[in-house]
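*Asks:* Protein chains in written order, with our numbering: chain A, 1 to 466; chain B, 1001 to 1213. Take a look at this one; I'll ask things after.
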């Protein structure tokens, strides 16, 4: 019987299934960071347990680290005492238990979902978990990757397994060639607008079609990253030449090991005629640049469309619409072009890879940020992305335009570090969530592509990127 | 000790997509403890000022229009919401905050997948009902305040004198709440199965082991 990629990965990692249909799934890679791991390590200590398999774990601090660290920074330099405790605690836990960490002083440190793939810790066919919902990112490598809670972090540390039930299969075919100015971010935002933030709940979403085949690994990661914003904790794409080329370049497996592995990796696609519980076909050539207007990623519109009014939505959604418009300060506005922006954030595990920075730099080269913008920051996803961008001179382009060029971390995507919006500030952001208060108490977030955010920086307003 | 019946006051949240950032904002994720999040539950809606981890509810300026600041809902134990409750971030702190406030059950028409799993690790019961049933529960919850009774063994939610809905939930998950079971203990009973599986994997897929860069 033909099977889906998700089913193949499931079967490959299935240790056993109990009589209530819960299964033990073996975990190949476990990423850890400072925010969702301390209580898990504490749990191990309490039960007098050690990590099951040390080499499966890789850690780095990313969520709450300051991004203006410069040289000779250490955990002790963090001014926020509470944040410092978490970073120090991660150091302590990794040292005590023997877990490999790229700590805050490492030039490889970065957002765990950016750092992992570029250092070859993410390999095709793996099961990958992390106490972070954007772990779906790694599905771009033909992996079964998902975010987990802290109790599950402890469980994986202690048993190398996750106890879960199988998801349903959903297939999204992205076919066609995108218009100029339309990126993977626009395509995934369009999908979320279409199926809603609960559209993929209970499903693993496989992304396929001619657009995915032609897309870079960076673009595929952006799309899988936001599967969770469509409700699916697992997003994935099949392995092809693009995947293998990336892995060859980024991992340091020996040639013989790589070729042995590639033979297996090449079968990591859904079989033709595999059965999906749901299939959606989307012609990406019809998609315009997308921008969110509200407080949920499904509140997305074409950049030049009218902001929805009560008449545009069904009655059950009236209350949600009114609350979102009021929070976002849109009560009397008709289009997104009417908005003035205060802040620009280019970064996050969704859009802080080298391709994203190149896209953004292309839009600001030789220009200056609008005087209406009080602060525009670029936060590379990792030490390696930062070094690569500097080698290409992208940092100069951003700095000349008036952007701040920062050190790697999650930064203003969730505002756990000092990079936060002030109340009522409006931000053009390349991150993944426009929830109330996400980037700072009462802050207003509009999600968009790096290209669109960069254009918004120079124009002060949403403009046509084509 | 077993937890087989939940009886309590119902607090209603009439909106979709209540994400885990609303349930507990990132500021409070800086704690390294597993308890003490109750005062920060729904922080952005519950207070008028910005809080910090070292503050308590007493230190804060309260939004008196918010349901959990009104009597008798300060003692609510059951939360009723609409669609996609607990979507977004995987933070288990969201469940810890609900639990620490005193919530023992959340009723909604759907839940974020990761949140749903996290609930069972912390003795908070998520109950999925149809949209029609949720509509009806909102209707009857309009009176000053109502109590529901949830029988975990019978998977039954009782409201009013003789009305009830049955709900579906996996027995093994329910069992964790009823008997306060710990997943790690359960799984480690299968230690040798995992070891055998791992050894086979090490032989077949050697590139997955001992990799560093």
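Cβ atoms here follow ideal geometry from the backbone N, Cα and C, with glycine treated the same way.
Is it right to say residue 107 of chain A is buried, meaning 16 or more other beta carbons lie within 10 angstroms of its own, or is it exposed?
*Replies:* Residue mapping note: residue 107 of chain A aligns to position 107 of the first chain, counting from 1. Exposed: under 16 other Cβ atoms inside 10 Å.
*Asks:* Does DSSP put residue 288 of chain A in a helix, in a strand, or in coil?
*Replies:* Within the first chain, numbered from 1, the residue matching residue 288 of chain A stands at position 288. Coil at residue 288 of chain A, not helix or strand.
*Asks:* Within the region 42-129 of chain A, note down every full beta strand (DSSP E) run reaching 3 residues or more, in order along the chain.
*Replies:* Runs found: 57-59.
*Asks:* At the level of alpha carbons, what is the spacing between residue 146 of chain A and residue 232 of chain A?
*Replies:* Along the first chain, one-based indexing puts residue 146 of chain A at 146. Along the first chain, one-based indexing puts residue 232 of chain A at 232. Rounded to whole angstroms, residue 146 of chain A to residue 232 of chain A spans 9 Å at the Cα level.
*Asks:* Pull up the distance between the alpha-carbon of residue 1029 of chain B and that of residue 63 of chain A, whole angstroms please.
*Replies:* Translated into the one-based positions of the second chain, residue 1029 of chain B becomes position 29. Translated into the one-based positions of the first chain, residue 63 of chain A becomes position 63. So the two alpha carbons sit approximately 10 Å from each other.
*Asks:* Mind checking if residue 123 of chain A is an interface residue toward chain B, Cβ cutoff 8 Å exclusive?
*Replies:* In the first chain, counting from the first residue as 1, residue 123 of chain A sits at position 123. For residue 123 of chain A, the answer is yes, since a Cβ of chain B falls inside 8 Å of its Cβ.
*Asks:* Go through its chain and collect everything with a Cβ distance to residue 214 of chain A's Cβ below 6 Å, but skip five positions before and after it.
*Replies:* Looking up residue 214 of chain A in the first chain gives position 214. Result list for residue 214 of chain A: empty, nothing under 6 Å.
*Asks:* Indicate whether residue 1018 of chain B and residue 1041 of chain B have their beta-carbon atoms separated by less than 8 Å.
*Replies:* The residue labelled residue 1018 of chain B in the question sits at position 18 within the second chain. The residue labelled residue 1041 of chain B in the question sits at position 41 within the second chain. No, these two residues do not count as a Cβ contact at 8 Å.
*Asks:* Could you tell me which of A/412, A/361, A/385, A/300 sits nearest to residue 394 of chain A, measuring between CA atoms?
*Replies:* The sequence position of residue 394 of chain A within the first chain is 394, counting from 1. When only C-alpha atoms are compared, the closest one is A/361.
*Asks:* Which runs of the alpha helix (DSSP H) at least 4 residues long sit entirely within the region 316-377 of chain A? Give them in chain order.
*Replies:* If we require 4 residues or more, the alpha helix (DSSP H) runs fully inside the region 316-377 of chain A come out as 318-328, 354-364.
*Asks:* Which residues in the same chain as residue 1166 of chain B place their Cβ atom closer than 6 Å to its Cβ, once the five residues preceding and following it in sequence are excluded?
*Replies:* Sequence index remark: in the second chain, residue 1166 of chain B carries index 166 (1-based). Within the same chain, residue 1166 of chain B has close Cβ partners 1155, 1156.
*Asks:* What does DSSP give as the partner residues of residue 1106 of chain B in its beta bridges?
*Replies:* Mapped onto the second chain, residue 1106 of chain B falls at position 106. Looking at the DSSP assignment, residue 1106 of chain B forms a beta bridge with B/1079, B/1126.
*Asks:* To the nearest angstrom, report how far apart residue 112 of chain A and residue 1008 of chain B are at their CA atoms.
*Replies:* Sequence index remark: in the first chain, residue 112 of chain A carries index 112 (1-based). Sequence index remark: in the second chain, residue 1008 of chain B carries index 8 (1-based). Their Cα atoms are separated by approximately 41 Å.
*Asks:* Would you kindly work out how many angstroms separate the C-alpha atoms of residue 1168 of chain B and residue 1127 of chain B, rounded to a whole number?
*Replies:* Locating residue 1168 of chain B in the second chain gives position 168, counting from the first residue. Locating residue 1127 of chain B in the second chain gives position 127, counting from the first residue. Distance between the alpha carbons of residue 1168 of chain B and residue 1127 of chain B: 8 Å.
*Asks:* Just to confirm, is the Cβ distance from residue 292 of chain A to residue 446 of chain A under 8 Å?
*Replies:* Counted from its first residue, the first chain places residue 292 of chain A at position 292. Counted from its first residue, the first chain places residue 446 of chain A at position 446. Taking 8 Å as the Cβ cut-off, residue 292 of chain A and residue 446 of chain A qualify as a contacting pair.
*Asks:* Quick one: list the residues of chain A neighbouring residue 1022 of chain B, beta-carbon separation under 8 Å, in chain order.
*Replies:* As a working mapping, residue 1022 of chain B is identified with position 22 in the second chain. In chain order: 435, 436, 437.
*Asks:* Of all the CB atoms in chain A, is at least one closer than 8 Å to the CB of residue 1130 of chain B?
*Replies:* Taking the first residue of the second chain as position 1, residue 1130 of chain B is located at position 130. Answer no: the Cβ-Cβ gap between residue 1130 of chain B and chain A never drops below 8 Å.
*Asks:* Compare the C-beta of residue 984 of chain B against all C-beta atoms of chain A and say whether one is closer than 8 Å.
*Replies:* For residue 984 of chain B there is no data in the structure shown, the boundaries of chain B being 1001 and 1213.
*Asks:* Does the region 1184-1191 of chain B come close enough to the region 153-164 of chain A to have 3 or more Cβ pairs within less than 8 Å?
*Replies:* Touching, yes.
*Asks:* Under 8 Å by Cβ, that's how I've got residue 349 of chain A and residue 33 of chain A pegged, so tell me the actual separation to the nearest angstrom.
*Replies:* Taking the first residue of the first chain as 1, we reach residue 349 of chain A at position 349. Taking the first residue of the first chain as 1, we reach residue 33 of chain A at position 33. Incorrect: roughly 11 Å between the Cβ atoms, too far for contact.
*Asks:* Cβ atoms of residue 1170 of chain B and residue 151 of chain A: under 8 Å apart, would you say?
*Replies:* Working through the first chain from its first residue, we reach residue 151 of chain A at position 151. Working through the second chain from its first residue, we reach residue 1170 of chain B at position 170. Against a cut-off of 8 Å, the Cβ pair of residue 1170 of chain B and residue 151 of chain A comes out as no contact.
*Asks:* Since residue 444 of chain A sits in a beta bridge, which residues does DSSP pair it with?
*Replies:* Within the first chain, numbered from 1, the residue matching residue 444 of chain A stands at position 444. Answer is A/426, bridged to residue 444 of chain A.
*Asks:* Which of the three DSSP states, helix, strand or coil, is assigned to residue 1158 of chain B?
*Replies:* Sequence index remark: in the second chain, residue 1158 of chain B carries index 158 (1-based). Three-state DSSP puts residue 1158 of chain B in a strand.
*Asks:* Just the Cα atoms here: how many angstroms apart are residue 1164 of chain B and residue 1175 of chain B?
*Replies:* Within the second chain, the letter at position 164 stands for residue 1164 of chain B. Within the second chain, the letter at position 175 stands for residue 1175 of chain B. Straight-line Cα distance between these residues: approximately 22 Å.
*Asks:* Any chance the region 188-195 of chain A sits against the region 282-290 of chain A, with 3 or more Cβ pairs inside 8 Å?
*Replies:* Taking 8 Å as the limit for Cβ pairs, the verdict is that the region 282-290 of chain A does touch the region 188-195 of chain A.
*Asks:* Just checking: is the beta-carbon of residue 1170 of chain B within a distance shorter than 8 Å of some beta-carbon in chain A?
*Replies:* In the second chain, counting from the first residue as 1, residue 1170 of chain B sits at position 170. Yes, residue 1170 of chain B counts as interfacial toward chain A.
*Asks:* How should residue 467 of chain A be labelled, buried or exposed, when 16 other C-beta atoms within 10 angstroms of its C-beta is the threshold for buried?
*Replies:* Within the shown structure, residues of chain A are numbered from 1 to 466, placing residue 467 of chain A beyond reach of any answer.
*Asks:* Residues of chain B with a CB under 8 Å from the CB of residue 455 of chain A: which are they?
*Replies:* As a first step, residue 455 of chain A is located in the first chain; it is residue number 455 there, counting from the start. Those within 8 Å of residue 455 of chain A in chain B number zero; the least Cβ separation is about 27 Å.
*Asks:* Suppose the cutoff is 6 Å on Cβ atoms and the five residues either side in sequence are ignored; what does the same chain contact list for residue 30 of chain A look like?
*Replies:* Your numbering for residue 30 of chain A matches position 30 in the first chain. Only 56, 57, 129, 156 meet the Cβ criterion.
*Asks:* Give me the residue from B/1201, B/1125, B/1133, B/1209 with the minimum Cα distance to residue 1086 of chain B.
*Replies:* Here the question's residue 1086 of chain B lines up with position 86 in the second chain. Closest by alpha carbon: B/1125.
*Asks:* What in chain A is Cβ-close to residue 1025 of chain B, meaning under 8 Å?
*Replies:* Looking up residue 1025 of chain B in the second chain gives position 25. Here the neighbours are 437, 441.
*Asks:* Report yes if the CB atom of residue 160 of chain A is closer than 8 Å to the CB atom of residue 53 of chain A, and no otherwise.
*Replies:* Along the first chain, read from residue 1 onward, the residue named residue 160 of chain A stands at position 160. Along the first chain, read from residue 1 onward, the residue named residue 53 of chain A stands at position 53. The answer is yes: Cβ separation under 8 Å.
*Asks:* Can you give the beta carbon distance from residue 206 of chain A to residue 5 of chain A, rounded, assuming they're within the 8 Å contact cut?
*Replies:* Translated into positions along the first chain, residue 206 of chain A becomes position 206. Translated into positions along the first chain, residue 5 of chain A becomes position 5. Contact holds; Cβ gap of about 6 Å.
*Asks:* Quick one: using the 10 Å Cβ neighbour count with 16 as the cut-off for buried, is residue 20 of chain A buried or exposed?
*Replies:* In the first chain, the residue the question calls residue 20 of chain A occupies position 20. Classification of residue 20 of chain A: exposed, given that the 10 Å Cβ count is below 16.
*Asks:* Strictly below 9 Å CB to CB, what residues from chain A border residue 1044 of chain B?
*Replies:* Locating residue 1044 of chain B in the second chain gives position 44, where the first residue counts as 1. Result: 436, 437, 441, 442.
*Asks:* Once the 5 residues before and after residue 221 of chain A are set aside, which same chain residues still bring their CB inside 6 Å of it?
*Replies:* Along the first chain, one-based indexing puts residue 221 of chain A at 221. Here the set comprises 137, 140.
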